[in-house]
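**Student:** In our numbering, the protein residues as written are -18 to 471.
Beta carbons are placed, not taken as given, at the ideal position from N, Cα and C, and that holds for glycine.
1. In its own chain, which residues sit with a C-beta less than 6 Å from the C-beta of residue 351, not counting the 5 before and 5 after it?
2. Which residues in the same chain have their Cβ closer than 8 Å to the Cβ of residue 188, if we skip the five residues on either side of it in sequence?
3. Quick test of your reading: residue 126 and residue 103, contact by CB under 8 Å. State the CB separation rounded to the nearest angstrom.
4. Thinking C-beta only, is residue 60 closer than 8 Å to residue 30?
5. Quick one: what's got a C-beta closer than 7 Å to residue 7's C-beta in the same chain, skipping five residues either side?
6. Tell me whether the beta-carbon of residue 318 lies closer than 8 Å to the beta-carbon of residue 357.
7. Does the structure place the stretch 374 to 382 close enough to the stretch 334 to 354 that three or more beta carbon pairs sit under 8 Å?
8. Flag this pair as yes or no: are the beta carbons of residue 461 and residue 355 separated by less than 8 Å?
9. Among the candidates 406, 113, 131 and -14, whose CA atom is the shortest distance from the CA of residue 13?
10. Taking the alpha-carbon positions, what's the residue 473 to residue 161 distance?
11. According to DSSP, is residue 454 helix, strand or coil?
12. Should residue 361 go down as buried or exposed, given a rule of 16 or more other Cβ atoms within 10 Å for buried?
13. Which residue marks the beginning of the beta strand (DSSP E) containing residue 103, and which one marks its end?
14. Quick one: grab the DSSP three-state call for residue 425.
15. Taking residue 343 as the reference, which of 327, 223, 324 and 316 has the closest Cα?
16. Is DSSP giving residue 353 helix, strand or coil here?
17. Just to check my reading of the structure: residue 145 and residue 49 have Cβ atoms closer than 8 Å, yes? What is that Cβ distance to the nearest angstrom?
18. Since residue 321 is in the alpha helix (DSSP H), which residue starts that stretch and which ends it?
19. Just to confirm the assignment: which complete alpha helix (DSSP H) runs, minimum length 4, are found wholly within the stretch 117 to 184?
20. Short check: CB of residue 454 to CB of residue 406, under 8 Å?
Here is the structure:
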């Protein structure tokens, strides 16, 4: 139930009780006043008539006394006046309506009034005034029917109910209008402001013109939104700083890998440069002419292209790029990494190869540069873990499985990219810390301790995770799991 309705219900309930009580008390008061007037009127008639009758009786004019009573009865239509006798053996037409035993104990003034339910016309008020004082044997009986009182009470009740009803309806209308204007409108504005705040919109402060608790609530809500906006700005700035720092770490890790590749690449470039220099010298000195010169030129071109390809691969790997997710061919990307690291593997005396790829290829949605860096870090780490004549295998495939317990998600299809080596392996404690920044088991100068930490962050940002399997003395296996593209996203 809305606040306005609750306030209206409470107010109208109290109003109804007050009006009902006031109506009841008013009716009872008017009823008492009406009965008092009836009693005074009847008593006045009885006393006045009794005095006149008493004077005639004292003179012995009984018939005149009866005529006086009869004339008085006819002159007052709403009253019935009778001459009654109080003796037990009084004639039937002069017997009182009350039993004689109830008339024996009269007040000192000889006046008695009593209500009965079985008068000549129903309920009535009987008034008796003894002629000649308390000890007299005759009395004037005044019967006043209560039908008029009943009608008056009914009219009074209806009038009071009508008045109370008008007041009740007026109070309901005024209360409803006041509730809608003073409470309902303000609450709707407060609710709209709260909903905007819930969606992250902390602009447009709420201004209420009224001066009450709702205005105080609006001010507090505005203050809360201002604090939330400031907190969000601080969080955004901290997040931007974190992203910038993370990019710097990734950049440093990438350059560190470039440094490790430099020696191998220098050797890789040296051979074709020697061929180019020799062939060019032969052409320049005229040792080769015609067909032989053209063949040497072709060889120079091939070696130059080879050098350009090597340099381009190195530049592509080291170049700083803005993150951008797109549809990727993971098999082609992995082969590019193998080509880039092949010289490093041969220099270390380690065999590097892809031993398993799906026939239909593998695609994923992600940032090509970041994923290339992640795979490169795993392969470099595997190469450094192997001794001479070791082996590093890279495999790709699909798995239908449920994510680890620390990563929520239903059972689904995942892309798996595994890097296995025949190196020294790791114990349980090393595995538990392998993704910590700056943690390394390598010799000084062989690593920064950032590679696996950066790789873990990249994979997590792509909605995946890395499984680690390792046995001391037998090697390790790092498996990247990435979400498989849903139908229609590739």
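**Tutor:** Result, derived from the coordinates:
1. Within the chain shown, the letter at position 370 stands for residue 351. Only 439 meet the Cβ criterion.
2. Looking up residue 188 in the chain shown gives position 207. Apart from the 5 residues on each side of it in sequence, residue 188 sits with its Cβ closer than 8 Å to the Cβ of 199 in its chain, given in chain order.
3. Along the chain shown, read from residue 1 onward, the residue named residue 126 stands at position 145. Along the chain shown, read from residue 1 onward, the residue named residue 103 stands at position 122. Their Cβ separation, rounded to whole angstroms, is 6 Å, which keeps residue 126 and residue 103 in contact under 8 Å.
4. Taking the first residue of the chain shown as position 1, residue 30 is located at position 49. Taking the first residue of the chain shown as position 1, residue 60 is located at position 79. No, they are not a contact pair.
5. The residue you call residue 7 lines up with position 26 of the chain shown. Answer for residue 7: 141, listed in chain order.
6. In the chain shown, the residue the question calls residue 318 occupies position 337. In the chain shown, the residue the question calls residue 357 occupies position 376. It is a contact, given that the beta carbons lie within the stated cut-off.
7. yes
8. Taking the chain shown and counting its residues from 1, the one referred to as residue 461 is at position 480. Taking the chain shown and counting its residues from 1, the one referred to as residue 355 is at position 374. Yes, these two residues count as a Cβ contact at 8 Å.
9. Taking the first residue of the chain shown as 1, we reach residue 13 at position 32. Of 406, 113, 131 and -14, the residue nearest in Cα terms is 131.
10. Coverage of the chain is limited to positions -18 through 471, which leaves residue 473 absent and any answer about it impossible.
11. Translated into positions along the chain shown, residue 454 becomes position 473. Coil.
12. For the purposes of this step, residue 361 is taken as residue 380 along the chain shown, with counting starting at 1. Label assigned to residue 361: buried.
13. For the purposes of this step, residue 103 is taken as residue 122 along the chain shown, with counting starting at 1. 103 to 112 is the extent of the beta strand (DSSP E) around residue 103.
14. As a position in the chain shown, residue 425 is number 444, starting the count at 1. Summary for residue 425: the model assigns pLDDT 44, below 50, so the residue's position carries little reliability; its value from the coordinates is reported in the next sentence. Residue 425: coil per DSSP, three-state reduction.
15. On the chain shown, position 362 is the one that residue 343 refers to. Closest option to residue 343, Cα to Cα, is 316.
16. Translated into the one-based positions of the chain shown, residue 353 becomes position 372. The answer is helix: DSSP assigns residue 353 an H, G or I state.
17. By one-based count along the chain shown, residue 145 stands at place 164. By one-based count along the chain shown, residue 49 stands at place 68. About 48 Å separates the two Cβ atoms, so there is no contact after all.
18. Counted from its first residue, the chain shown places residue 321 at position 340. 311 to 329 is the extent of the alpha helix (DSSP H) around residue 321.
19. 128 to 159 and 166 to 179
20. Counted from its first residue, the chain shown places residue 454 at position 473. Counted from its first residue, the chain shown places residue 406 at position 425. In this structure, residue 406 lies closer than 8 Å to residue 454 by Cβ.
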